[in-house]
Amino acid sequence: MSTTGLGVPGQHGAPIVERDTPLVGGAAARTTSGTAGLEVHEAPRSETFALVRAGDLGSLHSWELVTAVDGPGTRLTVFLSGCPLRCLYCHNPDTMEMRRGEPVLADDLLTRVERYRPVFRATGGGLTISGGEPLMQPAFTRRLLRGAKELGVHTAIDTSGFLGSACTDDMLDDLDLVLLDVKSGLPETYRRVTGRDLQPTLDFGARVADHGIETWVRFVLVPGLTDEPANVAAVAEYVATLSTVTRVEVLPFHQMGRDKWDALGMRYELADTRPPTPELVERVRGQFRERGLTVY
Ligand code: SF4
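With positions in the sequence shown counted from 1, the corresponding number in this note's numbering is that position plus 10.
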């Protein structure tokens, strides 16, 4: 159980306040280009549905070119809109709803992937599909993965795994790396953090490992929310069962996403939560190391 008394009894995850104003801009504390350089594809509703169903059109929050995050080398990270989770610490609450994104053609994104191919080659980088939740738009994600593989580009998705059942085996075939966000190890803590069930994440991680896909696990360490030794131990115990995990990233909570919650008119429940102390971070990293895992 949390020791900070955060949240409202009986309510899990973050509340959503509907607003009509689309917010498009940078993701978290990272400087993105929004959807700059990509054409916003406006089409009649019927045509839009057909394109979305075929995976040719998706809802994009933003993109950025990054090095040393989101996978190896220099990467084009695309942030898709829409997420079924409501994490209390979400850095990108403006990606939670799909309608806040911009309609973009897969071909336009893939043209960009092709443009950066020399950079990917030189650095061992590639394409990372993040969000939001990439599996919220499975057809679009599938199309991007396939297109990137046809270009010979390394691929990754950054996912909570909650919608893992939407990831088909042919999508797994096109994945070189999965960044799996395991937000907690105890079901009740997971629900408190995200508003959803833990089990689909566990199932997806196991399936990815069975498929032989390299996996980096991410765990956000939030004092008073995810830091309980039993919760961390449950994550570590689970991750140790996944044979393809090559690293665990313990990400210390920070307040840099806070302004977005305010801008969206959403109640932010972690306003009084402080980043973890170096001692706490080390304790948690140690819990993963005790399981024989490589920790960053
Ligand atoms: S899964 Fe990611 S994008 Fe979705 S609510 Fe949680 S932190 Fe935000």
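Just so you know, even glycine gets a beta-carbon here, dropped at the ideal spot from N, CA and C.
Residue i to residue j span [Cα, whole Å]
i      : j      : result
Gly65  : Leu154 : 8 Å
Thr256 : Ile223 : 10 Å
Leu196 : Pro285 : 21 Å
Asp272 : Phe89  : 21 Å
Thr254 : Leu95  : 25 Å
Cys93  : Val129 : 30 Å
Lys159 : Glu74  : 20 Å
Arg295 : Ala240 : 14 Å
Leu231 : Pro54  : 44 Å
Thr204 : Thr133 : 35 Å
Met266 : Tyr126 : 29 Å
Phe298 : Gly47  : 41 Å
Tyr306 : Leu115 : 36 Å
Thr77  : Glu238 : 32 Å
Pro103 : Lys193 : 16 Å
Gly302 : Val242 : 14 Å
Asp184 : His221 : 11 Å
Phe263 : Gly171 : 20 Å
Pro32  : Arg109 : Interpretation of Pro32 is limited by its pLDDT of 28, a score under 50 that renders its predicted location unreliable; no figure is taken from the coordinates.
Thr178 : Ala281 : 39 Å
Leu274 : Glu289 : 34 Å
Leu67  : Leu208 : 30 Å
Among the options, nearest to residue i - alpha-carbon criterion
i      : options                           : result
Thr169 : Val188, Val242, Gly157 and Leu86  : Val188
Ala216 : Glu279, Ser175, His264 and Leu280 : Ser175
Arg156 : Phe172, Leu182 and Ser69          : Leu182
Asp213 : Pro233, Gly205, Asp191 and Val203 : Asp191
Thr58  : Pro113, Leu290 and Pro288         : Pro113
Thr45  : Gly111, Cys100, Tyr278 and Ala132 : Gly111
Leu98  : Glu300, Gln297 and Arg277         : Arg277
Glu318 : Leu303, Pro233, Leu261 and Glu300 : This structure cannot speak to residue 318, because the chain is shown only from 11 to 306.
Arg85  : Asp117, Glu124 and Asp207         : Glu124
Thr236 : Asp186, Asp207, Glu52 and Arg202  : Arg202
Glu49  : Asp269, Arg206, His101 and Asp117 : Asp117
Ser91  : His51, Met106 and Asp180          : Met106
Arg122 : Arg152, Thr87, Asp186 and Pro148  : Thr87
Asp269 : Glu52, Glu300 and His101          : His101
Backbone secondary structure at residue i - three-state DSSP
i      : result
Tyr306 : coil
Ala244 : helix
Leu16  : Bear in mind that the predicted position of Leu16 carries a pLDDT of just 29, short of 50, making it too unreliable to give a figure here.
Val249 : helix
Ser56  : helix
Arg63  : helix
Arg217 : helix
Phe298 : helix
Gly222 : coil
Leu290 : helix
Val79  : coil
Ser175 : helix
Gly195 : coil
Thr151 : helix
Leu161 : coil
Phe263 : coil
Glu124 : helix
Gly36  : Residue placement at Gly36 is flagged as unreliable, the pLDDT there being 29, under the threshold of 50; the coordinate-derived value follows with that caveat. Three-state DSSP puts Gly36 in coil, outside helix and strand.
Pro113 : strand
Residue i vs residue j beta-carbon contact at 9 Å
i      : j      : result
Arg228 : Glu259 : yes
Leu161 : Leu119 : no
Ser72  : Phe150 : no
Leu252 : Thr225 : yes
With a cut-off of 8 Å, do at least 3 Cβ pairs link the segment 77-86 to the segment 141-148?
no
Answer yes if the segment 53-64 comes into contact with the segment 244-251, meaning at least three C-beta pairs across the two stretches below 8 Å, and no otherwise.
At 8 Å Cβ cutoff, the stretches do not touch.
Evaluate the contact criterion for the segment 158-173 versus the segment 118-138: three or more CB pairs, one atom per stretch, below 8 Å.
yes
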